[in-house]
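Using our numbering, read the sequence shown as starting at 1 and increasing by one per residue. By construction, the Cβ of each residue, glycine as well, lies at the ideal position given by its N, Cα and C atoms. First comes the structure, then the notes that go with it.
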Amino acid sequence: CADCLRELDDPADRRYRYPFINCTNCGPRFTIMRKLPYDRPETPMAQFEMCPACQAEYNDPADRRFHAQPDACFECGPEIGWIEADAQKGLSPEGISWAKNVDESDAIFQRAAQLIKKGGIVAVKGLGGYHLVCDAANETALAALRARKHRPGKAFAVMLSSVEEARTVCQVNDAEAAQLRSPARPIVLLRKRSDASFAKGLADELPELGVMLPTTPVQHLLLHEFGGMLVMTSGNIHDEPIVIDEETAFSQLAGVADAFLVNNREIVGRYDDSVVRIIDGGAAGDIVQFIRRARGYAPLPVAVPCLENSKAELLAVGPEQKSTLTYARSGKAFVSQHVGDLESAAVFDAWNETRARYADLLHFDPKHLVCDYHPEYLSTKWALSQGMPVTRVQHHHAHILSVMGENNLEGPVCGFAFDGTGYGLDGAIWGGEVLLSNLQAYERFVNFAYIPLPGGAAAIKDPARIAYGALWSFDLLEHEQAQRFVSEHVPHAEVFQQMIEKGLNTPETSSVGRIFDAASALLGICLQPRYEGEAAILLEAAAHRAKDEADGAALEDDRYRVEFIKNTATENSTAADTSVLLMDVAPVFAAMLDDMQEEVPASVIAARFHGAFVCAIVDVAELVRATYGIEVMALAGGVFMNRYLLERVLARLQERGFTVALNKELPPNDASISYGQAVLGLQAQHEE
Ligand code: ZN
Ligand code: ZN
Ligand code: FE
């Protein structure tokens with residue numbers, strides 16, 4: 001807080017440059033909490049006996065540090081420590097040099113800053129876990145960090161000392177400044193300034209850069225000593241959970257970091273940094289969109305106002321990717337922080353650790369579980385093996401329910417659930433769904449016509465293959481541009497054709513994420529994604545570029561049209577999971593190929609491709625209003641993290657008088673699934 005920062009800088013203060021300065025207005029909470037009520041003996045602070053000066057503050061109701069549980073100073077509190085990777089000595093707790101006073105502490109920060117300036121990588125223990133830190137302007141350091149961390153492409157977030165500093169490299173409006181300065185100190189995705197230059201390997205080709213201000217005194221002191229822009233990325237390898245203790249840091253990050261800036265205050269709760277951005281909501285003003293909800297927010301409960309009187313108590317176990325879990329009772333949902341993708345055993349361990357910790361802290365003992373329909377999700381398997389009653393929720397319904405719950409909507413609403421993947425009840429992979437939904441049930445009104453996914457999950461890493469499947473099903477393979485594409489980028493076209501025609505390991509999907517992947521590959525924008533979602537992210541970046549290059553001139557980005565066709569499958573079925581109508585993107589791909597033939601720039605085609613989805617959403621909304629009188633449109637799923645798409649959809653729907661509901665405190669991606677599951681679970685039990 002501002003008071004602590006002033007003291008941190010005041011040579012006369014007894015906490016001058018003390019790396020763990022805090023007061024009741026700031027400092028760690030949930031990351032050091034073992035039990036509730038939050039009391040020093042139940043935190044790692046218990047091992048530090050307060051000195052008389054600290055004790056006096058702690059006992060004085062008039063003091064800013066009255067009952068500040070982590071109150072400490074150089075005399076009595078936690079210390080920072082330093083150890084450099086040394087091939088001979090190796091890394092061990094005994095090798096750490098600890099800072100007993102301000103001079104020793106300063107020397108460590110100087111040494112760390114020096115090492116970073118020379119291109120080194122330092123692992124720095126933060127509030128919820130370790131960060132890996134390097135000079136954001138040093139391309140060699142960035143390349144080394146990427147190689148060692150096995151993170152080839154995904155953008156790095158940076159730390160800058162102030163909003164003013166951030167303004168030198170990014171556009172920062174008032175709402176974004178407020179987020180940067182908020183006590184939760186999230187990473188804020190800011191639009192890069194066109195006149196700023198960035199080191200290669202930081203956030204190449206992307207319109208945004210993740211920026212955060214220092215959260216902890218350690219970060220303040222380090223950044224001040226360094227005096228520039230630091231990369232601050234989670235201390236982990238690839239998709240493993242963020243490292244929280246020295247033992248794991250020394251074993252897992254030994255090959256990554258050149259040195260470790262540790263401390264002896266134990267981290268109890270594992271928390272990544274939160275990520276937010278501000279969306280231009282037009283008439284609705286600035287909208288905060290969560291990308292990752294973790295440190296600073298979870299486990300503050302999210303209300304379920306429409307089910308305030310439900311007496312049920314339950315645990316919703318969430319999905320597989322971007323996993324979170326939710327404990328709920330009496331209209332309150334305790335949504336866990338971002339845990340990660342449950343595919344890895346280490347992440348599943350972290351999920352179990354989080355589950356146990358929440359139950360303990362919040363005194364939950366649920367007798368009812370809620371899970372996804374996907375039989376292979378580890379979370380589903382866990383739920384089904386507990387011998388408790390389980391409610392299952394369709395993935396995309398959970399997306400829509402999460403928006404309904406956060407906005408206190410009982411429905412019916414028209415929900416657009418557009419994402420990468422979710423288990424469909426007809427055996428297909430869903431992901432482009434328009435569901436008419438209330439709190440109990442849904443009807444699948446429209447979805448994107450299925451395209452084949454030769455090789456299933458393997459196709460996700462090979463978007464050219466998805467493009468081939470799309471062109472095949474749209475009957476466009478004869479187009480000159482399609483032939484050129486296939487001969488250049490789909491060497492195994494015959495194999496895929498066989499697989500599709502014989503239905504061998506080729507699921508069908510309505511996923512909008514996959515349609516975006518296909519378009520990105522077809523345009524040559526991304527053929528080999530280096531991280532999940534990259535093909536679609538780069539397609540969006542291209543659309544933004546077209547917009548910037550058009551420089552106010554009309555981009556004509558509403559030239560492509562998704563067509564609506566009758567779903568012939570409904571003739572044989574009246575099931576709620578069979579749509580009446582299908583959205584057909586074949587005309588969009590045909591128009592793209594024609595534009596490619598005319599040598600229209602890929603970025604302009606990317607913008608027009610986005611425009612087709614904007615128009616399609618508006619068309620569906622009009623149809624639903626005309627047919628059912630429903631005026632509330634709920635937008636959910638990871639596709640709506642696409643700013644280009646979302647801002648245009650918001651503007652157009654508002655122009656036409658629709659009410660648009662979005663996730664508020666939760667991300668639109670699968671991080672909100674456990675909360676959506678909880679909404680249905682509470683409703684189901686409420687009825688019993
Ligand atoms: Zn403070
Ligand atoms: Zn003290
Ligand atoms: Fe999803």
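Item to check | Closest Cα partner of Asn438 within the set Cys4, Gly387, Ala383, Gln683 | outcome: Counting from 1 along the sequence shown, the entry for residue 438 is found at position 438. Out of Cys4, Gly387, Ala383, Gln683, Gln683 has the C-alpha closest to the C-alpha of Asn438.
Checklist entry - Any heavy atom of ligand 3 closer than 8 Å to the Cβ of Asn669? => result In the sequence shown, residue 669 corresponds to position 669, counting from 1. Distances taken from the Cβ of Asn669 to the heavy atoms of ligand 3 include one shorter than 8 Å.
Checklist entry - Any idea what DSSP makes of Ala521, helix, strand or coil? => result In the sequence shown, residue 521 corresponds to position 521, counting from 1. The three-state secondary structure of Ala521, taken from DSSP, is helix.
Checklist entry - Taking Cβ positions, are Pro452 and Pro507 nearer each other than 9 Å? => result As a first step, residue 452 is located in the sequence shown; it is residue number 452 there, counting from the start. As a first step, residue 507 is located in the sequence shown; it is residue number 507 there, counting from the start. Going by C-beta atoms, Pro452 is nearer than 9 Å to Pro507.
Checklist entry - Going by DSSP, what residues sit across from Lys566 in a beta bridge? => result For the purposes of this step, residue 566 is identified with residue 566 of the sequence shown, where counting begins at 1. The partner list for Lys566 (beta bridge, DSSP) reads Leu581.
Next on the checklist: I need the residues with a C-beta less than 6 Å from some heavy atom of ligand 1; please give them in chain order.
Outcome noted: Cys1, Asp3, Cys4, Asn22, Cys23, Asn25, Cys26
Item to check | Reduced DSSP category for Ser234 - H, G, I as helix; E, B as strand; rest coil | outcome: Here residue 234 is taken as the residue at index 234 of the sequence shown, counted from 1. Strand, per DSSP.
Checklist entry - Can you list, in chain order, the residues of its chain whose CB lies under 7 Å from that of Asp13, leaving out five sequence neighbours each side? => result On the sequence shown, residue 13 is found 13 positions in, with the first residue counted as 1. Closer than 7 Å at the Cβ level, and outside the excluded window around Asp13, lie Glu7.
Item to check | Assigned secondary structure, Leu425 (DSSP; H/G/I helix, E/B strand, else coil) | outcome: Locating residue 425 in the sequence shown gives position 425, where the first residue counts as 1. Correct three-state label for Leu425: coil.
Checklist entry - Whole alpha helix (DSSP H) runs in the segment 614-669 with 4 or more residues, listed along the chain? => result 643-655
Checklist entry - If you pair each beta-carbon of the segment 150-162 with each one of the segment 213-224, do three or more pairs fall below 8 Å? => result Enough Cβ pairs lie closer than 8 Å, so yes.
Item to check | Rounded C-alpha distance that separates Ala519 from Thr421 | outcome: Locating residue 519 in the sequence shown gives position 519, counting from the first residue. Locating residue 421 in the sequence shown gives position 421, counting from the first residue. Spanning the alpha carbons of Ala519 and Thr421 requires a straight line of approximately 17 Å.
Checklist entry - Over what stretch of residues does the beta strand (DSSP E) that includes Thr391 continue unbroken? => result Indexing the sequence shown from 1 puts residue 391 at position 391. From DSSP, the beta strand (DSSP E) with Thr391 extends over 390-393.
Checklist entry - Looking at Arg608 and Met596, is the spacing between their C-beta atoms short of 9 Å? => result Indexing the sequence shown from 1 puts residue 596 at position 596. Indexing the sequence shown from 1 puts residue 608 at position 608. Not in contact: Met596 and Arg608 (Cβ atoms no closer than 9 Å).
Checklist entry - Would you report the Cα separation of Asp558 and Asp670, rounded to the nearest angstrom? => result The residue labelled residue 558 in the question sits at position 558 within the sequence shown. The residue labelled residue 670 in the question sits at position 670 within the sequence shown. Each residue's alpha carbon lies about 29 Å from the other.
Item to check | Residue environment, Ile121, which counts as buried when at least 16 other CB atoms sit within 10 Å | outcome: For the purposes of this step, residue 121 is identified with residue 121 of the sequence shown, where counting begins at 1. Flag for Ile121 reads buried.
Item to check | Distance cut-off 8 Å: Glu75 Cβ against heavy atoms of ligand 2 | outcome: Locating residue 75 in the sequence shown gives position 75, where the first residue counts as 1. Yes, the Cβ of Glu75 comes within 8 Å of a heavy atom of ligand 2.
Next on the checklist: Between Glu410, Gly629, Leu538, which has its C-alpha nearest Ala661's C-alpha?
Outcome noted: Residue mapping note: residue 661 aligns to position 661 of the sequence shown, counting from 1. The shortest C-alpha to C-alpha distance from Ala661 to any of Glu410, Gly629, Leu538 is the one to Glu410.
Checklist entry - Hey, out of His395, Lys35, Ser473, whose CA is closest to Ile515's CA? => result Residue numbering aside, residue 515 sits at position 515 when the sequence shown is read from its first letter. Closest option to Ile515, Cα to Cα, is Ser473.
Next on the checklist: At 3 residues or longer, what runs of the beta strand (DSSP E) sit wholly inside the segment 304-359?
Outcome noted: 313-316, 326-329, 332-335, all fully within the segment 304-359.
Item to check | Between the CA atoms of Gln321 and Asp341 - distance to the nearest angstrom | outcome: Within the sequence shown, the letter at position 341 stands for residue 341. Within the sequence shown, the letter at position 321 stands for residue 321. Rounded to the nearest angstrom, the two C-alpha atoms are 4 Å apart.
Item to check | Buried versus exposed call for Asp60 [16 or more other C-beta atoms within 10 Å across all chains shown] | outcome: Reading the sequence shown from its first residue, position 60 is the one you call residue 60. The residue in question, Asp60, is exposed, as its Cβ has fewer than 16 Cβ neighbours within 10 Å.
Item to check | Residues near Lys125 in its chain [Cβ-Cβ closer than 7 Å; skip 5 each side] | outcome: Indexing the sequence shown from 1 puts residue 125 at position 125. Closer than 7 Å at the Cβ level, and outside the excluded window around Lys125, lie Leu261, Val262, Asn263.
Checklist entry - What separation, rounded to the nearest whole angstrom, lies between the Cα atoms of Ser97 and Ile83? => result Counting from one through the sequence shown, the residue named residue 97 turns up at place 97. Counting from one through the sequence shown, the residue named residue 83 turns up at place 83. When rounded, the distance between both Cα atoms is 7 Å.
Checklist entry - If you compare alpha carbons, which of Val490, Leu213, Asn663, Cys306 is closest to Val163? => result Position 163 of the sequence shown holds residue 163. When each option's Cα is compared against that of Val163, the closest is Leu213.
Checklist entry - By how many angstroms is the C-alpha of Ile617 removed from the C-alpha of Asp174? => result Here residue 174 is taken as the residue at index 174 of the sequence shown, counted from 1. Here residue 617 is taken as the residue at index 617 of the sequence shown, counted from 1. Computed Cα separation, rounded: 30 Å.
Next on the checklist: What does the alpha-carbon distance come out to for the pair Met33 and Pro319?
Outcome noted: Along the sequence shown, one-based indexing puts residue 33 at 33. Along the sequence shown, one-based indexing puts residue 319 at 319. Roughly 27 Å separates the two Cα atoms.
Item to check | Rounded C-alpha distance that separates Val268 from Ala294 | outcome: Locating residue 268 in the sequence shown gives position 268, counting from the first residue. Locating residue 294 in the sequence shown gives position 294, counting from the first residue. C-alpha separation (whole angstroms): 14 Å.
Item to check | Segment limits, beta strand (DSSP E) that includes His131 | outcome: Numbered from 1 along the sequence shown, position 131 holds the residue referred to as residue 131. Element bounds for His131: 130-135.
Item to check | Limits of the beta strand (DSSP E) - the one that Asp280 falls within | outcome: On the sequence shown, residue 280 is found 280 positions in, with the first residue counted as 1. It spans 275-280 - the beta strand (DSSP E) in which Asp280 sits, taken as one unbroken run.
Checklist entry - For ligand 3, any of its heavy atoms closer than 8 Å to the Cβ of Thr421? => result As a first step, residue 421 must be located in the sequence shown, where it is residue number 421. Flag set: Cβ of Thr421 near ligand 3.
Checklist entry - Looking at the C-beta of Pro241, does it have a partner C-beta in chain C at a distance below 9 Å? => result The chain labelled as chain C is not found in the depicted structure, where only one protein chain is given.
Checklist entry - My guess is that Val604 and Leu555 are in contact by the Cβ rule of under 8 Å, so how many angstroms apart are they, rounded? => result Walking along the sequence shown from the start, residue 604 turns up at place 604. Walking along the sequence shown from the start, residue 555 turns up at place 555. Right, the Cβ-Cβ distance comes to about 7 Å (below 8 Å), so this counts as a contact.
Checklist entry - Any heavy atom of ligand 3 closer than 8 Å to the Cβ of Met319? => result The residue given as residue 319 occupies position 319 in the sequence shown. It should be pointed out that residue 319 corresponds to Pro in this sequence rather than to Met. Yes; taking the cut-off as 8 Å, the Cβ of Pro319 has a heavy atom of ligand 3 nearer than that.
Checklist entry - Excluding five sequence neighbours on each side, which residues of the same chain lie with their C-beta closer than 7 Å to the C-beta of Arg542? => result Within the sequence shown, the letter at position 542 stands for residue 542. For the record, residue 542 in the displayed sequence is Ala; it is not Arg. Excluding residues within five positions, the ones whose Cβ falls inside 7 Å are Ile525, Ala602, Ser603, Ala606.
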